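Using the working numbering, count along the sequence shown one by one with no gaps and you end on 739.
Even glycine gets a Cβ: it sits at the ideal position worked out from N, Cα and C.
Nothing here was measured: the structure is a model prediction, and the numbers come from that model.
Everything on this sheet refers to the single structure shown next.
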Amino acid sequence: MIEQGLTRRVKRFLLLVIVPAVMLGVNVPPAWSWISELRHQRLINSQEYKEKFGKWDVVELPDDQKVNAIHAAVLPTGRILLIAGSGNKEDMFNAGTFKSLVYDPATGRSRVVPTPDDMFCSGHTFLASGNLLVAGGTQRYERLDGAVTNAAGGVTVKNENPDAPVRSFPAGTEFRSPEGLVYRSTHPFEVKPATKVATRRGATVTASETVVFAEAVEPGPRYVAVGPRQYVINGVPPGEEQNLYALGQGMTLEKQDYQGIEETYEFNPYTEAYERVGDMVFKRWYPTLTGLADGTVISVSGLDGTGEVLNGQNEIYDPATRTWTERKDLTQYFPTYPALFQTAREDVLFYSGANAGYGPAEQGRVPGFWNLRNNVLTPIPGMRDPDLLETAGSAWAGPVQEQRVAVVGGGGVGESPRSSARIDTIDLDSPNPTWQPGPMLPEGTRYPNLTTLPDDTMLISNGSRDYRGKGASDNHNARIYRPQTNTLDYAADPQVGRNYHAASLLLPDGRVMTVGSDPLFNDAAGTIPGTFEQRIEIFTPPYLFKGPQPTIADSPPTAPLGDTLTVATPDAPRIATARLMAPMASTHVTDTGQRSIALDITKRDGGVSFTVPEDPTIAPPGRYMLFLVDDRGVPSVAKWVEIPAPGPLEET
88 MIEQGLTRRV KRFLLLVIVP AVMLGVNVPP AWSWISELRH QRLINSQEYK EKFGKWDVVE
148 LPDDQKVNAI HAAVLPTGRI LLIAGSGNKE DMFNAGTFKS LVYDPATGRS RVVPTPDDMF
208 CSGHTFLASG NLLVAGGTQR YERLDGAVTN AAGGVTVKNE NPDAPVRSFP AGTEFRSPEG
268 LVYRSTHPFE VKPATKVATR RGATVTASET VVFAEAVEPG PRYVAVGPRQ YVINGVPPGE
328 EQNLYALGQG MTLEKQDYQG IEETYEFNPY TEAYERVGDM VFKRWYPTLT GLADGTVISV
388 SGLDGTGEVL NGQNEIYDPA TRTWTERKDL TQYFPTYPAL FQTAREDVLF YSGANAGYGP
448 AEQGRVPGFW NLRNNVLTPI PGMRDPDLLE TAGSAWAGPV QEQRVAVVGG GGVGESPRSS
508 ARIDTIDLDS PNPTWQPGPM LPEGTRYPNL TTLPDDTMLI SNGSRDYRGK GASDNHNARI
568 YRPQTNTLDY AADPQVGRNY HAASLLLPDG RVMTVGSDPL FNDAAGTIPG TFEQRIEIFT
628 PPYLFKGPQP TIADSPPTAP LGDTLTVATP DAPRIATARL MAPMASTHVT DTGQRSIALD
688 ITKRDGGVSF TVPEDPTIAP PGRYMLFLVD DRGVPSVAKW VEIPAPGPLE ET
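What follows is the structure, given as structure tokens:
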């Protein structure tokens with residue numbers, strides 16, 4: 088009995104000692120991981136950490152409110168417009184399911200907005216009215232090599248008759264080659280009469296031209312056509328064929344790129360609805376829209392209605408007439424989504440060299456000044472990694488009065504795995520502008536999101552080392568760039584990885600919102616197709632953990648150029664700076680309207696006063712967020728202020 092009792096005690100001891108030891112050995116890695124994560128969460132949520140590095144928070148929208156945020160803009164109401172269009176989903180495109188969402192970061196509420204056309208990969212910028220101009224988008228999705236069954240290509244329909252009426256042709260209009268082969272237009276098109284200009288010797292007639300995409304009526308190589316051809320247009324009456332005809336350069340079975348549309352809308356932030364305005368002269372996919380000092384907008388680049396990069400045809404939008412006009416005197420070629428900025432010189436734009444995709448590696452890639460008076464583009468070489476500007480980010484570094492532009496990251500042309508960690512800046516006001524090296528990011532970064540903050544720093548977040556995050560290459564990091572000292576500070580790491588089709592926005596409360604991301608694959612091996620990132624993540628910068636925000640009790644709703652205005656605030660004694668921040672409208676890491684305007688302040692009893700800059704090249708017309716920043720670097724919640732459009736600019 089004693090031996091049996093001893094045996095039972097030994098067995099019980101072994102169970103109590105050995106079994107937990109075995110279990111602990113099996114579970115040490117997950118247990119340690121859990122402990123490490125617990126410690127990490129305690130660290131990043133500690134007050135000391137947040138004061139130094141800030142904090143990220145993930146926001147999940149309800150399933151019926153989620154969209155693929157290709158485009159993002161801060162509306163003058165403080166709400167956010169997220170435009171998906173078809174969202175890079177061909178099934179959505181084929182179904183005609185186009186989406187936009189208005190999201191309120193203050194309340195978390197959102198609603199889906201009727202979207203009349205596929206604005207996927209359009210261009211956009213804010214107008215003086217506060218409306219968001221949205222132009223272009225998708226006419227047709229790409230067809231990859233091997234997937235093209237019917238030979239196709241672009242044909243130019245020409246009309247040499249100045250007395251002919253405008254002719255409209257439906258989709259499916261047939262073009263017959265000299266060999267008798269028939270091709271059909273994939274979309275409807277319109278042909279205008281030729282132009283006739285009187286001269287001393289009579290008149291000069293210039294044929295009108297309309298580019299149309301057409302594909303063979305049957306599959307197979309028989310319809311492949313090499314070299315130029317003239318086509319007869321079905322439906323043109325006999326006798327008119329000599330004036331109304333089509334020219335083509337060839338029909339192929341090669342890869343077909345995305346195609347653009349000409350449709351243009353203004354999104355009204357107060358009715359939260361799209362308003363149809365005049366169409367662009369050219370169809371565009373991946374265009375850049377840059378606001379000019381007089382309140383007009385220039386549209387450049389993009390893929391046309393046949394999938395070709397526009398060969399330098401640029402046009403101007405007039406908000407007063409809501410129409411576009413081609414500027415044949417401003418023919419300049421750029422790759423798609425070029426980063427073009429209005430400089431302090433009225434008729435001069437700066438091209439940072441950053442772009443987002445299509446175009447040959449040897450054309451339109453060098454940064455420079457574009458003079459709109461004589462159409463001369465003066466290159467400025469000397470940037471580090473000059474061949475890694477595709478998918479780079481660029482923005483004003485510090486207040487726009489300093490005329491300093493930063494170019495951040497970027498990669499090789501096309502699906503290149505190469506990327507740059509470079510931050511280079513340039514002073515556009517220098518007598519001899521040259522690129523200056525800045526600090527390096529911790530790793531090569533394509534698609535960096537750049538967000539200018541009210542304290543004159545810049546948040547650089549997310550991106551990936553490889554094309555569209557291939558090889559699980561998302562950079563889960565963020566840095567704060569300080570242009571004044573040309574230094575880089577660590578910031579808290581974002582939880583969500585973001586690469587292609589991502590955007591960032593400065594919110595009126597001083598936080599930063601990031602959206603989107605469209606990875607090519609979901610795994611490092613590249614075997615699982617990517618899933619569009621629909622979560623929102625919001626960064627609270629370190630300055631918002633340093634104490635209460637100063638308060639703007641009252642501010643004027645309008646701020647005309649050159650006027651001196653007073654802002655009521657109970658925190659006047661500790662206000663150090665004031666900034667007017669243009670609302671962001673970002674897509675493909677491109678936002679040419681983002682700018683911070685420094686305001687010299689005078690402290691008064693119960694408030695501060697400031698004078699608005701007189702020059703519309705510094706302060707273009709539009710709605711701005713007015714921030715007061717205290718002596719600790721803490722910004723107020725912004726108040727919206729309108730800078731009204733000026734009268735005609737004087738010649739200089």
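Please say whether residue j and residue i have beta carbons closer to each other than 9 Å?
| i | j | result |
| --- | --- | --- |
| G455 | T478 | no |
| H211 | T674 | yes |
| V695 | T651 | no |
| N181 | F207 | no |
| Q429 | T418 | no |
| M527 | I510 | yes |
| L475 | S517 | no |
| V319 | F262 | yes |
| G556 | S503 | no |
| P356 | S388 | no |
| L125 | I623 | no |
| P657 | A646 | no |
| A659 | L713 | no |
| L340 | P315 | no |
Considering only the alpha carbon of each residue, which of the options lies closest to residue i?
| i | options | result |
| --- | --- | --- |
| E305 | G597, A238, D543 and E327 | A238 |
| A685 | G634, L540 and T638 | L540 |
| L436 | T704, K153, R166 and A290 | T704 |
| E229 | F262, V269, L390 and G195 | L390 |
| V396 | T408, Y373, T377 and A407 | Y373 |
| W727 | R196, N398, A669 and V278 | A669 |
| A407 | G680, V364 and L376 | V364 |
| P606 | V313, V299 and Q621 | Q621 |
| G597 | P635, G531, D561 and L575 | P635 |
| Y568 | N586, G558, P535 and A559 | P535 |
| K186 | T664, S173, V583 and L648 | S173 |
| A251 | V368, G289 and N330 | N330 |
| G195 | G558, V145 and D204 | V145 |
| F300 | F276, A281 and Q317 | F276 |
| P308 | Q152, T236 and N461 | T236 |
Go ahead and pull the three-state DSSP assignment for residue i.
| i | result |
| --- | --- |
| E138 | helix |
| I157 | coil |
| R661 | helix |
| F421 | coil |
| E480 | In the sequence under discussion, the amino acid at residue 480 is Gly, which differs from the Glu named in the question. Three-state DSSP puts G480 in a strand. |
| D641 | strand |
| S723 | coil |
| H127 | helix |
| P406 | coil |
| R576 | Per the sequence presented here, residue 576 reads as Asp, with Arg not at that position. The answer is strand: DSSP assigns D576 an E or B state. |
| E277 | strand |
| Q317 | strand |
| Y587 | coil |
| G550 | coil |
| G440 | coil |
Within its chain, find whatever has a CB closer than 6 Å to the CB of residue i; leave out the 5 residues flanking it on each side and keep chain order.
| i | result |
| --- | --- |
| K342 | L231 and D232 |
| F632 | K137 and E138 |
| A732 | A215, G382 and P708 |
| E296 | T243 and K245 |
| I403 | T383, I385, T412 and R414 |
| A760 | Examination of residue 760 is not possible in this model, given that the chain is present from 88 through 739 alone. |
| R227 | Q346 |
| P616 | none |
Skipping 5 residues on each side, what residues in its chain have a beta carbon closer than 8 Å to that of residue i?
| i | result |
| --- | --- |
| P473 | G440, R452 and V453 |
| I467 | V453, P454, G455, F456, I513, P520, T521 and W522 |
| V492 | F428, F437, S439, S481, A482, W483, A484, T512, I513 and L515 |
| D344 | E229, L390, G394, E395 and Y445 |
| A655 | I639, A640, D641, S642, G693 and G694 |
What residues in its chain sit with their C-beta under 7 Å from that of residue i, if we drop five residues either side in the sequence?
| i | result |
| --- | --- |
| F354 | L168, N218, L219, V221 and Y361 |
| D542 | Y630, V716, G720 and P722 |
| T291 | V284 |
| G141 | A578, A579, F626, T627, P628 and P629 |
| P425 | T375, V387, S388, Y438 and N442 |
| S560 | S551, R552 and D553 |
| M338 | A238, A239, G240, Y270, A303, Y310, V311 and A312 |
Is residue i near the ligand FAD - that is, is its Cβ less than 8 Å away from at least one heavy atom of it?
| i | result |
| --- | --- |
| T704 | This structure lacks the ligand FAD, and indeed carries no ligand of any kind. |
Runs of beta strand (DSSP E) lying entirely within the stretch 176-243, each at least 3 residues, in chain order: 186-190, 197-201, 210-213, 219-222 and 225-227
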